[in-house]
Amino acid sequence: MDTSNAQVRLLRNDAGHRYEIWVGDALAGVATYRESHDRVTFLHTIVDEAFGGRGFGSRLAAFALQDTVDRGKRIVPVCPFIAEYLQSHHEFDEHIDLPKAAQS
Numbered sequence: 001m002d003t004s005n006a007q008v009r010l011l012r013n014d015a016g017h018r019y020e021i022w023v024g025d026a027l028a029g030v031a032t033y034r035e036s037h038d039r040v041t042f043l044h045t046i047v048d049e050a051f052g053g054r055g056f057g058s059r060l061a062a063f064a065l066q067d068t069v070d071r072g073k074r075i076v077p078v079c080p081f082i083a084e085y086l087q088s089h090h091e092f093d094e095h096i097d098l099p100k101a102a103q104s
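Written out as structure tokens, the structure is:
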């Protein structure tokens, strides 16, 4: 799918408990989460195969993580993609709470 001229939109879908990346009129990917009063636990991130390999997952992760920090919440990276993204984006280090299983 040619996406070179398509508008990319990123948004938080509170009702769906997910962040979304849209390319034109197509939903290209989602990052699902569970939210508590002070934390956002990222559960799963997926990008549609038609949009894979073009950085849409990284753009989605960056948006979701920055939105979480901007809202004063802590990041809990259960999702392997989000956890891997955080390993090379240290600007979020002070906002991360590791999942309990990773702490033991």
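For the sequence shown, UniProt numbering begins at 1 and goes up steadily by one.
Glycine is no exception: its CB is placed at the ideal position from the N, C-alpha and C atoms.
Let me confirm a value: Lys100 is counted as buried when at least 16 other C-beta atoms fall within 10 Å, else exposed. Which label applies?
In the sequence shown, residue 100 corresponds to position 100, counting from 1. Lys100 comes out exposed.
Status (buried if at least 16 other CB within 10 Å, exposed otherwise) for Arg18:
For the purposes of this step, residue 18 is taken as the residue at position 18 of the sequence shown. That one is buried.
When we look at the beta-carbon of Pro77 and count the other beta-carbons within 10 Å, is it buried (16 or more) or exposed?
Position 77 of the sequence shown, counting from 1, holds the residue named residue 77. With 16 or more other Cβ atoms inside 10 Å of its own Cβ, Pro77 counts as buried.
According to DSSP, is Ser104 helix, strand or coil?
As a first step, residue 104 must be located in the sequence shown, where it is residue number 104. Low confidence applies to Ser104: its pLDDT is 42, below 50, so where it sits in the model is not reliable, and the reading given next is rough at best. In the three-state reduction of the DSSP assignment, Ser104 falls in the coil class, being assigned neither a helical nor a strand state.
Based on Cα-Cα distance, which residue from Ala28, Arg39, Thr68 lies nearest to Gly53?
For the purposes of this step, residue 53 is identified with residue 53 of the sequence shown, where counting begins at 1. Checking every option, the nearest Cα to that of Gly53 belongs to Ala28.
Neighbourhood of Thr45 by C-beta, 8 Å cutoff - its chain only, sequence neighbours within 5 removed
Locating residue 45 in the sequence shown gives position 45, counting from the first residue. Closer than 8 Å at the Cβ level, and outside the excluded window around Thr45, lie Gly29, Val30, Ala31, Thr32, Gly57, Leu60, Ala61, Cys79, Phe81, Ile82.
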